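Let me begin by presenting the structure, written as structure tokens, before commenting on it.
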Amino acid sequence: MIKIENISKNYNNVKALKKVSFNVKDGQLFGLIGPDGAGKTSLFRILTTLLIPSEGKASIDNFDTVKNYKEIRRIIGYMPERFSLYMDLTVQENLNFFATVFNTTIEENYDLIKDIYQMLEPFKNRKAGDLSGGMKQKLALSCALIHQPKYLLLDEPTTGVDPVSRKDFWEMLQKLQTKGLTTLVSTPFMDDAELCDEVALIQNGEIMSIDSPKNITQKYPHKLWEIITLNNYHTLKILDNFTNKISAFAFGNAIHLACSEKTNKEDIESFLAQNNIKAKSIKIINPRIEDAFMELMT
Amino acid sequence: MRKILFIIQKEFKQIFRNKAMKPILFVMPFVQLAVLSYTADFTVKNINLFVQDMDNSVLSKELISKIAAFNNFNLKEISNSYKKGFYKIQQNNIDVIVSIPQNFSKNLQTNKKTEVAIIADAINGTKAGVSINYLQNIILDFTKEQASKKGFTNIKQGVNIIKRNWFNPLLNYKLFMVPGILVLLVTMIALFLSGMNIVREKEIGTIEQLNVTPIKKYQFIIGKLLPFLILGIFEFSIGLIIAVLWFKVPILGSITLIYLFTIVYLILILGIGMLISTITNTQQQALFLAWFFSVIFILMSGLFTPIESMPVWAQNITLFNPIRYYVEVIRLIMLKGSSFSSISNNFIIISFAAIFVNLLAVFNYQKTV
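Chains as they are written, first to last, in numbering that gives the first Met the number 0: chain A, 0 to 297; chain B, 0 to 368.
And the structure:
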């Protein structure tokens, strides 16, 4: 179990983390969701023993991250936000190097990394620096798994990776979960969050909500409408004057409008018509993590 | 042990895959050794001379031709105008003016006191000093000759100095410079390569990945240090071969002793590099810091200017300069054939410094912040 109790971290006057507490149960795929600068990386660096918290304590498998850092380093696999393998070594050489550093060999742990490594195998003599973004991610994951860690900590593994590779990557994580790995993963992508067992929403160093993605969306208190118009930006501005409005945000090519319970489609249609806006579609939708996040943020 | 070997193997792979590294290791040092050994020459040549001859006599002409016969002078002009000469000094066309007064010949023949003025452009102090020295000798020689011709005996005869240069009989400056330059090359290569190394892992982020592994500090530092020690010794050996075969520098002392000292010295320099690497965050910072130290070390090493002529406070600073000790030892062993007992002091100092600096580097390399 990963236990985080009242962790705070200050960099001079900046409070990166404010009394953060949560637990990751064994076997869970736990997502830490938050925008850039929310304190995700600081929390990861504390858990991976690279940073000492200003206050509070954290433990992994009952090993304290400050006192028992040596034990922790043996049982975790860490993938930093930045690709940090040797660009001038080949795929094979990188794997061999990290295996040796952990006193093991690729063969000994082949079982765990097999699925991922097979995808890399055609490129095994290529330098890591010459791999595509998705392949780099796979290599980094293999290197983090090479010593059969019990806990996997992935700091924004899918940032800068194309959507297809991102999907692949999450499938790999879910597969690893079936092998008993406990995974803590951070991401700024809300749709990643829906693939986790449990998510913690973090903002400005504070945890805003911890629950399963399903519960988080179920807790969303308003009726949510999706509106698509020709000029969403203009529509958003006009919607400011809509009396039933609770919140309105742009999501991709649509507007998500939260309204009071009694609002119906005609109310919205007539309001838009009054303002000379033609809606391509107006429909009720189920809230997603992102909507819940926006709701919590405001 | 396996871990250390693996780190070493990884370092070598990275060094040889780096495109810039091969020329830095295999071309640059030897070009420097070849070029610098020919240029770092302390004898002063091509001194441009202007003679103001106000006497215009047989004797003054004789003196002028005697001076002109000296190889290191280029007699540019003889004139009776001092102004013209001074103008040429200002123009940077002339280095020294020799001014022969009126009545020079008359005074000499009547055994009266006479003076010849030497005016040197002292912007380049060394050149001026050496030129004046040459001229004094020539003029003294000339007066002695004249005196003995005329049978004057009361001219001031100085003590007759008989020079003999031990260990370097022909005053071949190359014998003196080549070992020193060899030292510089080995130092620079070792300092820069090691200084840029750990910080590079910081820059590309791999240190983050390494830090969460159970690798131990000492394993990491040794794994980083050994490849450069091996490269340093390799560089030194090639340099030594060039010095002996091309520049004909003798090795009078024991080669084993040279290598023993070189290894200890390299460990010290690599330790300094590692220390630089641990206290900086980017390769640029490391490079500037390495430059700062190498410039001070080199200029205060006694290689280009004798330590004895530095002010006392500066002499005290040189006590902390590893190059100083190494230059001294290499020259002693190669040119004088000194044995261990005469370099033991330097050996002990460098050994202790090596241990101290490396411990500091290991200590300073923090895995946690």
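Ideal Cβ positions, reconstructed from N, Cα and C, are used throughout, including at glycine. Every value quoted in this text rests on a predicted model; they were computed, and no experiment measured them.
Here R1(B) is exposed. Its C-beta has fewer than 16 other C-beta atoms within 10 Å. Shown here for N70(B): not one same chain residue has a beta carbon closer than 6 Å to its own, the five before and five after excluded. Of all alpha-carbon atoms in N285(A), G76(A), Y77(A), Y109(A), the one lying nearest the alpha-carbon of Q91(A) is that of Y109(A).
When DSSP states are grouped into helix, strand and coil, A121(B) belongs to the coil group. DSSP places D110(A) inside the alpha helix (DSSP H), whose first and last residues are 109 to 119. Nearest CB-CB separation between G204(B) and chain A: below the 8 Å threshold.
Here DSSP, grouped into helix, strand and coil, assigns E170(A) to helix. Under the DSSP definition of a beta bridge, Q51(B) partners with S78(B), S98(B). Scanning its chain for C-beta atoms nearer than 8 Å, with the 5 sequence neighbours on each side dropped, one finds around L50(A) the residues K8, S41, R44, in chain order. Each of I254(A), F250(A), S269(A), R165(A) was checked against the Cα of T242(A), and the nearest Cα belongs to S269(A). C-alpha of F25(B) to C-alpha of E234(B): approximately 8 Å in a straight line. For the C-beta of I214(B), the chain A residues within less than 7 Å are, from N- to C-terminus, V100. Three or more Cβ pairs closer than 8 Å define a contact, and the stretch 185 to 192 of chain B falls short of that threshold against the stretch 64 to 80 of chain A. Scanning the stretch 186 to 245 of chain A for uninterrupted beta strand (DSSP E) segments of 3 residues or longer gives 197 to 202, 205 to 210, 222 to 228, listed from N- to C-terminal end.
If you look at E54(A), you'll find it in the beta strand (DSSP E) that goes 54 to 59. Residues of the stretch 104 to 123 of chain A with a C-beta atom less than 8 Å from some C-beta of chain B do not occur. CA-to-CA, the gap between Q13(B) and T205(B) works out to about 13 Å. With its beta carbon at least 8 Å from every one in chain B, M0(A) lies outside the interface. The residues L84, Y85, A127, L138, C142, in chain order, have a CB closer than 8 Å to that of N93(A) in the same chain once the five nearest residues on each side in sequence are set aside. Between the alpha carbons of V129(B) and I138(B) lies a gap of roughly 14 Å. Sixteen is the threshold: since fewer than 16 other Cβ atoms of the shown chains lie within 10 Å of the Cβ of F319(B), the residue is exposed. The residues Q282, in chain order, have a CB closer than 7 Å to that of R199(B) in the same chain once the five nearest residues on each side in sequence are set aside. Closest in C-alpha terms to I226(A), from the list A249(A), Q147(A), M0(A), comes A249(A).
Less than 8 Å separates the beta-carbon of G133(A) from that of S164(A). Taking each of T158(A), W169(A), S259(A) in turn and checking the Cα distance to L28(A), the smallest one comes out for W169(A). Taking one beta carbon from each stretch, the stretch 120 to 134 of chain B and the stretch 73 to 84 of chain B have fewer than 3 pairs nearer than 8 Å; the two do not touch. As DSSP reads the structure, G231(B) sits in no beta bridge. In this structure, F96(A) places its C-beta atom within 8 Å of the C-beta atom of F5(B). E107(A) has its alpha-carbon roughly 53 Å from the corresponding atom of I283(A). For V328(B) against I342(B), the beta-carbon gap comes to about 5 Å, under 8 Å, which counts as contact.
Within a 10 Å sphere around the beta-carbon of M78(A) sit 16 or more other beta-carbons, which makes this residue buried. Here L151(A) is not near T104(A), since their CB atoms are 8 Å or more apart. Residue contact check for F62(A) against chain B: no CB pair falls below 8 Å. Where N9(A) is concerned, the enclosing beta strand (DSSP E) starts and stops at 1 to 10. In this chain, Y77(A) is not harboured by any alpha helix (DSSP H); it is covered by the beta strand (DSSP E) spanning 75 to 78.
Put simply, of I278(B), T38(B), Y324(B) the residue whose alpha carbon is nearest the alpha carbon of I197(B) is I278(B).
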